[in-house]
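The next block holds one structure in the form of structure tokens; read it before the comments.
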Amino acid sequence: MMSTKKWCFLCIMLLVGFSSCKKSGDLQIDPYAGGKEPLGIRFSNSLPKPASGASGIDVVYQITGLVPYKDKIKCYLNETEATVTEVTDKAIKLKVPVGASSGGLTIVIDGQIFFGPEFTVSGKTGIDPTFKTLIGTNGVINQIMPLNNGNMMLMGYFTDYEKSTSKKIPISGIVLTSPDGQYIPTAAFGTGAGGGLTSMVRLANGQYMVGGAFSTFNNRKSIGNITRLNANGSLDSTIVEVVNLTPLQPKNSFDTVAAFNGALMGPVSRVFSYNNKVIAVGGFGSYYEHFYERSTRDTKVLGFTEMGNLLRMEPSGALDLTYNYNPATKTSYERPNGYFYDAAMQSDGKVVIVGAFTKFQGIGANNIVRVDNNGMVDPSFQAVADGAIVAIRYNSTTGKYLICGAFKTFNGKPANGVAMMNSNGTIDESFSLGKLEGGSIGFAAQLSDGKILVSGTFNKYNDVVRQGFMILNANGTLAEGYNNTGMFEGIVNDIYETTSPLGFPAVVVVGYISKFDNKAAGNIVRFILRP
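In my numbering, each residue carries its 1-based index in the sequence shown increased by 9.
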């Protein structure tokens, strides 16, 4: 084998030989000409002193090589410019700027950038250290269902939570946790959903309706994107008699199926319950039921009804023919000419639907519509957005809706992608979203104390660095002291207001979240809001 030294020598010779083939004039050219000379500036590996603190305090970073350039230094704490108060041969002292949020220090000198350690800006918002979730899920969480005993059910498109899934107790689309996020394996979900869950609603009798994009639950078939669970999480099932093609095997005369005999061809975005009936909103095109008396264990006979995007079902699962149903065509009324993205139900059973559409049931409807208790467009609800609405959230304490999306105006008023709406569809002009930079908003919800939580892909709000997450006052201004958290990366789908073990107001946030306050998050995090 050729020695390492000989191999290196041959490589050098090949390079020299290649260079000698060039014209002598080419040897004069410096291949690195135009590059900037290294400035000899080095951060130490130690944290700043102090490593955390409020706006306005002095903080010292250990760094060498700055003295020759002290008149050229520009400092930025998480992209917010900071005032330098002292430079020595071993350190730099700066004042934490007003409005700064947690993040790393950046020093810029003559166009060269040097990255320093992170400083934590203390404030009223912070990750709750008592929340036990460390890893979270391996997929998106769509909704939180708080239970009466304080536990939570999480649902979405995931197959693991806190690395707790196993062959004996698998996790698929739904999981039970303690109030502090610890996995509880005692729920009767079995193998869970054969697909993903998007929405859940508690019924008056303690059971649950779940909707999403799934074809089985606990390996039981005869399910199409919607079904009913018992209070313990098990599938509400029943035994039905079917046609037996093998008379010598009596067991083939019966089959165990979902007790809720109603299914949909297409995904469900939201499920609601009103007067013991179930309302479904989504991207489906047809409703179907199973005729078990004409079916075998292996082959089910189905009956289809064309029903687009909105319908109501009886407790048995039968289609309610008094809701968005046209008896003349024996189908639903005209479908939207676009998509239904989200919906919210009022206390009177009326449903506000948002999305990207301009017509529904043959009536003009600009991206938002309310349907009455018969499923028909409510003409008294006059709301208009000039672009798609992707999410709607209602707070029963404040009585307000928040909608967000790609619209610039709402009801003819400037909205910039977020609007506060009264229950009758009129805009609440006491709220006004400020100037947004660097991206858009994907979620907005009002908390019960009036503050507003907003997330998205933006970088700045009203010229203040806010990286994807901010907390506003009810009028749309940044809530003082509550916007100290650092970078957020991901999508928020749902929130749940609760109280931390230390007695602070807290919010559980779920979605597709990889980072919160510069720290890794497994699609779920709980943060505290100190008074």
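Glycine included, every Cβ here is placed at the ideal spot set by N, Cα and C.
- Looking from the CA of Y166, the closest CA among G148, G159, N158, L156 belongs to G148.
- Within the same chain, Cβ atoms closer than 8 Å to the Cβ of S356 are found at S405, the five residues on either side in sequence being excluded.
- Its Cα nearest to that of S278, the residue G220 stands out among E302, I232, G220, K309.
- The shortest CA-to-CA distance from V249 to any of N261, T207, L462 is the one to N261.
- Between G62 and V105 the beta-carbon gap is near 6 Å, inside 8 Å, which marks them as a contact.
- The residue among I50, V516, I401 with its C-alpha nearest the C-alpha of Y78 is I50.
- Secondary structure note for M385: it is in no beta strand (DSSP E), with a DSSP letter that is neither H nor E.
- Ranked by Cα distance from N241, the options A60, P256, A196 are led by A196.
- The C-beta separation of M496 from K524 comes to about 6 Å, placing the pair in contact by the 8 Å criterion.
- Between the alpha carbons of M316 and L206 lies a distance of about 21 Å.
- The residue from E90, G159, K133 with its alpha-carbon nearest to that of P510 is G159.
- Inside the segment 270 to 313, DSSP marks whole beta strand (DSSP E) runs of 3 or more residues at positions 272 to 274, 277 to 283, 286 to 291, 295 to 299, from first to last along the chain.
- S187 sits exposed, since fewer than 16 C-beta atoms from the chains shown fall within 10 Å of its C-beta.
- With a contact defined as Cβ atoms closer than 8 Å, G233 and A272 qualify at about 3 Å.
- At the C-beta level, V516 and S110 stay beyond 8 Å of one another.
- In terms of Cβ geometry, G190 and T142 form a close pair [threshold 8 Å].
- The residues N270, G271, A272, L311, G312, G326, A327, L328, in chain order, have a CB closer than 8 Å to that of E298 in the same chain once the five nearest residues on each side in sequence are set aside.
- Apart from sequence neighbours up to five positions away, the residues of its chain that approach V252 with a beta-carbon distance below 6 Å are T305, ordered along the chain.
- Between V93 and L86, the C-beta spacing is not below 8 Å.
- In terms of Cα proximity to S464, the closest of A400, P423, Y410 is A400.
- Rounded to the nearest angstrom, the gap between the Cα atoms of N151 and V519 is 7 Å.
- Sixteen is the threshold: since fewer than 16 other Cβ atoms of the shown chains lie within 10 Å of the Cβ of T255, the residue is exposed.
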